[in-house]
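Read in order, the letters of the sequence shown correspond to residues 207 to 407 in the numbering used here.
Cβ atoms here follow ideal geometry from the backbone N, Cα and C, with glycine treated the same way.
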Amino acid sequence: MNWFIRNLNVTKMACLIAAAGLAGCASTAKNIDSGAVLERASSAATDGIVFGKFRLVRNGQEIRLGDGIFANSATLHLQKSDGGREIVGEVGRDGKFAWSLAPGVYRMSSIGFSFRGEKVESQTSFSFAVSADHRASYVGTVALEATFHSGYHGTSGTVDRITVTNDCEAECEQRLAELGLPSEAVTASLFHWEGHIAGTN
Numbered sequence: 207m208n209w210f211i212r213n214l215n216v217t218k219m220a221c222l223i224a225a226a227g228l229a230g231c232a233s234t235a236k237n238i239d240s241g242a243v244l245e246r247a248s249s250a251a252t253d254g255i256v257f258g259k260f261r262l263v264r265n266g267q268e269i270r271l272g273d274g275i276f277a278n279s280a281t282l283h284l285q286k287s288d289g290g291r292e293i294v295g296e297v298g299r300d301g302k303f304a305w306s307l308a309p310g311v312y313r314m315s316s317i318g319f320s321f322r323g324e325k326v327e328s329q330t331s332f333s334f335a336v337s338a339d340h341r342a343s344y345v346g347t348v349a350l351e352a353t354f355h356s357g358y359h360g361t362s363g364t365v366d367r368i369t370v371t372n373d374c375e376a377e378c379e380q381r382l383a384e385l386g387l388p389s390e391a392v393t394a395s396l397f398h399w400e401g402h403i404a405g406t407n
């Protein structure tokens with residue numbers, strides 16, 4: 207199984223962000239959860255489909271993610287390596303995500319998630335590629351483990367670690383079927399920390 211672990215020595219979360227702060231400076235990659243949505247979402251015939259999963263583990267407990275207005279939510283913040291504006295990748299129910307993106311190399315600069323109504327953003331530096339030769343690129347399961355403390359002065363937290371695992375053998379066939387794509391359409395392009403190669407276990 208391919209995996210990568212990055213321990214983060216962070217005394218506080220990188221920053222708190224307001225939703226308004228993203229307006230006008232980023233485009234949104236809507237989450238695609240079915241073949242019907244995929245047909246409507248593809249902006250061009252040459253776009254690739256990037257899919258994977260995000261897990262948020264808070265104080266040792268996995269947090270269920272949803273797409274409702276009051277649900278715990280997450281976003282992955284991306285930028286294409288040749289420049290351009292930020293892309294905010296939506297994460298759907300149970301942490302699954304699939305986006306329509308142009309082929310090329312991308313950087314995931316941060317992970318945003320909600321905690322008790324507050325938006326929190328943790329900086330990262332992962333890269334991945336969207337294949338020009340395959341319809342779909344699988345980027346793995348990225349898990350963020352954090353510890354939070356609530357006190358008189360509000361909530362503070364630390365990011366303990368971020369891991370990436372290759373769960374394609376267990377998940378890709380079903381995800382591709384949900385998207386209406388054949389199994390041979392996928393290639394693996396796991397998130398990897400910039401400057402490092404993912405290890406093999």
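What residues are listed by DSSP as bridge partners for residue i?
i           : result
residue 286 : 312
residue 336 : 310
Can you tell me whether residue i is buried or exposed? The criterion is at least 16 other CB atoms within 10 Å of its CB, across all chains shown.
i           : result
residue 389 : exposed
residue 372 : buried
residue 387 : buried
residue 367 : exposed
residue 398 : buried
residue 328 : buried
residue 283 : buried
residue 289 : exposed
residue 362 : exposed
Rounded to whole angstroms, how far is the Cβ of residue i from the Cβ of residue j, which I believe are closer than 8 Å?
i           : j           : result
residue 293 : residue 233 : 5 Å
residue 365 : residue 352 : 5 Å
residue 350 : residue 301 : Incorrect: roughly 10 Å between the Cβ atoms, too far for contact.
residue 335 : residue 240 : At roughly 25 Å, the Cβ-Cβ gap does not stay under 8 Å, so residue 335 and residue 240 are not in contact.
residue 354 : residue 261 : Residue 354 to residue 261, Cβ: 16 Å. No contact.
residue 311 : residue 344 : Going by Cβ atoms, the distance from residue 311 to residue 344 rounds to 16 Å, so no, they are not a contact pair.
residue 267 : residue 313 : Not a contact, Cβ separation roughly 30 Å.
residue 237 : residue 303 : 5 Å
Could you check which residue in the options has the C-alpha nearest to that of residue i?
i           : options            : result
residue 275 : 376, 329, 324      : 324
residue 281 : 255, 348, 297, 269 : 297
residue 374 : 320, 259, 362, 308 : 259
residue 346 : 363, 326, 377      : 377
residue 315 : 299, 333, 326      : 333
Just to confirm, is the Cβ distance from residue i to residue j under 8 Å?
i           : j           : result
residue 253 : residue 306 : yes
residue 257 : residue 341 : no
residue 400 : residue 356 : no
Is residue i near the ligand MG, in the sense that its beta carbon is under 7 Å from a heavy atom of that ligand?
i           : result
residue 340 : Looking at this structure, you won't find the ligand MG or any other ligand, since it has none at all.
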